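K.L.:
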Amino acid sequence: TRDVGAGLFGGPHRPRPLTWEFEGKTYFNERTIAIERTGWNFVAQLRPYMPRELSVLIWFAADDTSTSPRVPVYACSTKVADPYAGKGPQDGVPAPMMK
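Numbering of the sequence shown is given in the working numbering, commencing with residue 129 and proceeding in unit increments.
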């Protein structure tokens with residue numbers, strides 16, 4: 129990016145606060161929904177033309193919205209794939225690298 133909010137190195141992420149003043153004029157840093165602080169995200173796909181059990185598909189991704197691959201999970205699922213199962217840091221269990 130090339131605007132003043134990109135800083136010296138043209139970074140895509142804008143610092144906080146999103147509004148700032150310079151020489152008496154107020155500026156606003158727009159930001160996308162894809163920020164580096166995203167913990168997880170999903171997109172819900174509704175497909176009324178499919179059988180009821182398959183009609184809702186959740187595309188789940190961990191981390192940054194703009195760069196994470198999404199994994200399909202049917203809304204009728206009662207279990208997730210093993211790599212996504214179990215307790216983690218959000219449950220008070222330290223990540224293996226932090227032990």
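No residue lacks a Cβ here, since even glycine has one placed at the ideal position from N, Cα and C.
Treat the numbers as computed from the prediction; the structure is a model and nothing was measured.
Nearest by alpha-carbon distance to residue 197: which of 189, 136 and 204 is it?
P.N.:
Per the Cα distances, 189.
K.L.:
Measure the alpha-carbon distance for residue 137 versus residue 180 and round it to whole angstroms.
P.N.:
50 Å
K.L.:
Nearest CA to the CA of residue 210: which residue from 218, 199, 203 and 131?
P.N.:
Nearest of 218, 199, 203 and 131 to residue 210, Cα basis: 199.
K.L.:
Taking 9 Å as the cut-off, decide whether the C-beta atoms of residue 164 and residue 155 are in contact.
P.N.:
If you check the CB distance, residue 164 and residue 155 do not come in under 9 Å.
K.L.:
What is the rounded straight-line gap between the Cα of residue 178 and the Cα of residue 207?
P.N.:
21 Å
K.L.:
Going along the chain, which residues of its own chain have a beta-carbon closer than 8 Å to the beta-carbon of residue 192, five neighbours each way excluded?
P.N.:
162, 163, 164 and 166
K.L.:
Suppose contacts are defined by Cβ-Cβ distances below 9 Å. Is residue 201 in contact with residue 182 by that definition?
P.N.:
no
K.L.:
In the DSSP output, what is residue 163 paired with across the bridge?
P.N.:
DSSP lists no partner for residue 163.
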